[in-house]
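Asker:
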Amino acid sequence: MSKIILALDNISIDDSIKVVDDIKSEIYAVKLGIGFFYKYGIDGLKAIREKNMKVFLDLKLCDIPNTIETALNAVLSEVEVSMVTIHINAGAESIKRSLSVIESLSLETMLLGVTVLTSVSNENLHDMGYKLDLDSLVVDLARFANNNGLHGIVCSGHEISIVRKETSKNFKIVVPGIYIKESNSPDQSRIMCYSNAVRKGADFLVIGRSILKTEDPVHLIKEVNYSINNIL
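Numbering of the sequence shown is given in this note's numbering, commencing with residue 75 and proceeding in unit increments.
Spelled out as structure tokens, the structure:
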């Protein structure tokens, strides 16, 4: 099974469907974020799912428990996704209610907790008034997520090793901010090469522009999958 989740950010639904047709047998899932969901809604999700493509729905829900429960039920009762995200700092009750929605609909959807966005640096964190550094905050959130039943978390590659030590064996780690070749991303400060993330223990790698901006995405994905299999 591939570890690659292809991020379809800032492209049209028609282009998204074309990409899915080309690469669906080579990746684990596609990531659809709030930009896609706000623009295309449930119908857009269904259009991707109808291609027999797994979906990581990155909604990053963060609200009071009742609102999150209602929102999640509205989506998942219409279309099944493989993964969906909630901010861990929404709290234990929001996590509990979200898990209850998934269970009540008899779904196998993984509920993942967002720790700290990859765009945030230690300096940003301190500017916001946090006393902890990034590693400590991410580990605290990961422990909380694990203890409250989340299936895994989303964190940068830099926190994989410490999260692995502090969470259970089957706890999934999904890593965005992944590049294939040396990259200088303007909107992410905590990024990592895919090979390093795999060696550290990432379960899934969210990759977008590094693949989509190449002339032959399918060939590149096959190369990365081959490389990952050799690492493992």
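Beta carbons: idealized from backbone N, C-alpha and C, even for Gly.
Express the C-alpha separation of residue 228 and residue 156 in angstroms, rounding to a whole number.
Answerer: Straight-line Cα distance between these residues: approximately 14 Å.
Asker: Taking the CB atoms as reference points, tell me whether residue 185 and residue 225 lie closer together than 8 Å.
Answerer: Cβ atoms of residue 185 and residue 225: closer than 8 Å.
Asker: What is the DSSP secondary structure of residue 258, counted as helix, strand or coil?
Answerer: Caution is warranted here: a pLDDT of 49 is assigned to residue 258, below 50, making its placement in the model unreliable, and no coordinate value can be reported.
Asker: State the start and end residues of the unbroken alpha helix (DSSP H) segment that holds residue 302.
Answerer: Residues 291-305.
Asker: Within 10 angstroms of its Cβ, does residue 300 collect 16 or more other Cβ (buried), or is it exposed?
Answerer: Label assigned to residue 300: exposed.
Asker: Per DSSP, what kind of secondary structure is residue 191 in: helix, strand or coil?
Answerer: Residue 191: coil per DSSP, three-state reduction.
Asker: Just to confirm my understanding: we take residue 260, look at its own chain, exclude 5 residues before and 5 after, and list those with CB closer than 8 Å. What are they?
Answerer: Because the pLDDT at residue 260 is just 49, under 50, the model does not fix this residue reliably, and the value given afterwards should be weighed accordingly. Cβ neighbours of residue 260 beyond the five flanking positions: none.
Asker: Considering residue 107, what are the terminal residues of the beta strand (DSSP E) in which it resides?
Answerer: Looking at the DSSP string, the run of the beta strand (DSSP E) that includes residue 107 is 103-107.
Asker: Which of the three DSSP states, helix, strand or coil, is assigned to residue 245?
Answerer: Three-state result, residue 245: coil.
Asker: Give me the Cα-Cα distance between residue 187 and residue 275, rounded to the nearest whole angstrom.
Answerer: Distance between the alpha carbons of residue 187 and residue 275: 17 Å.
Asker: Thinking C-alpha only, which one of 130, 95 and 175 is nearest residue 108?
Answerer: Of 130, 95 and 175, the residue nearest in Cα terms is 130.
Asker: Taking residue 145 as the reference, which of 115, 264, 84 and 87 has the closest Cα?
Answerer: Selected option, being the one with the closest Cα: 115.
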